[in-house]
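Beneath this line is the structure, given in structure tokens, with notes to follow.
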Amino acid sequence: MLSHDLVQAAISARLDGESYEIADDVIDTHVVNCPECAAFQDRAAKLSRTLLSESRHDGMAPPRDLSESILAGVEPQWRATAGARRGHLAIARVGLAVVGLCFVAWAVTQVNASSQLLMWSADGRTLSPEAQPELAAFTLEGAALRFGVAFGLFFAAWRPSFAPGMLPVVTTMLMFLAGATMRDIALGTVSLPQIYTLLGLGGAVALLAWTWAVDKGYVLRALWRQLAADPV
């Protein structure tokens, strides 16, 4: 699996003129889509140019191996950025797991509620006249959807790279239910379960987007520094 460490090691070797195992087009594609590695490449290239310029200015031949010099110059900032990314990713993954557990608990309560709507008559063979089979079916379907969302969140917490796959599904559910809830608010028929559902889905969307962004290398502070950095 291609990781930031492998790509950055290949970038350093390429700048140093050494051999590396990753193809150039793979490196370039990853750098285009990864702000962290793009920033690493910019810093490493700038440092390499600086070292070469200083060596020529002093009348000295450039060292044959620039890898250690390049890594020494960019490693502290890279470590800080990578540490921040890992911290953000850990928080996002824990958040996904917590929200997933909330959806599981909610789904279990709905399963119990659906069973209570299917009351049997005294003979034990037919439903009681007070039973509500249609409402029980709707309640069970709602439980199934919540179980699906929960296990999708668990999977994204386990494998953050799959968070983008869940994001469109949960966002569509959120947008659809938000419209229905706005209608019910206008009619004065909104219920607490509707609000809780919107809050849960909204939290899931935010956490999935956060997980996807951090997994791709977008850390807010690092991104701001990159945008404000000297382009030269």
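Under the working numbering, read the sequence shown as residues 37 to 268, first letter to last.
Every residue gets a Cβ at the ideal spot worked out from N, C-alpha and C, and that includes glycine.
All values reported here derive from a predicted model rather than from experimental measurement.
Among Arg-50, Asp-61 and Leu-237, whose alpha-carbon lies nearest the alpha-carbon of Phe-76? Arg-50
Rounded to whole angstroms, what is the Cα-Cα separation between Ala-120 and Phe-174? 44 Å
First through last residue of the alpha helix (DSSP H) which encompasses Pro-165: Counting along the chain, Pro-165 falls outside any alpha helix (DSSP H), and DSSP gives it neither H nor E.
Separation of Ala-133 from Phe-190, as counted between CA atoms: 6 Å
Limits of the unbroken alpha helix (DSSP H) element including Met-202: 199-223
Top-ranked residue by Cα proximity to Ser-48, from Phe-198, Ala-74 and Val-147: Selection Phe-198, Ala-74 and Val-147 evaluated against Ser-48 yields Ala-74 as nearest (Cα-Cα).
For Ala-49, does the three-state DSSP call read helix, strand or coil? helix
Contact the region 223-241 vs the region 205-213: 3+ CB pairs below 8 Å: yes
Cβ pair Pro-200, Trp-142 closer than 8 Å: no
Alpha carbon to alpha carbon, how far is Cys-138 from Glu-57? Approximately 45 Å, taken between the alpha carbons.
What is the DSSP secondary structure of Ser-227, counted as helix, strand or coil? Coil.
CB Ala-186 to CB Arg-129, shorter than 8 Å? In this structure, Ala-186 sits away from Arg-129, with a CB-CB distance that is not shorter than 8 Å.
Helix, strand or coil, according to DSSP, for Cys-70 in the structure here? coil
Could you tell me the distance, in whole angstroms, from the CA atom of Phe-198 to the CA atom of Ser-39? 15 Å
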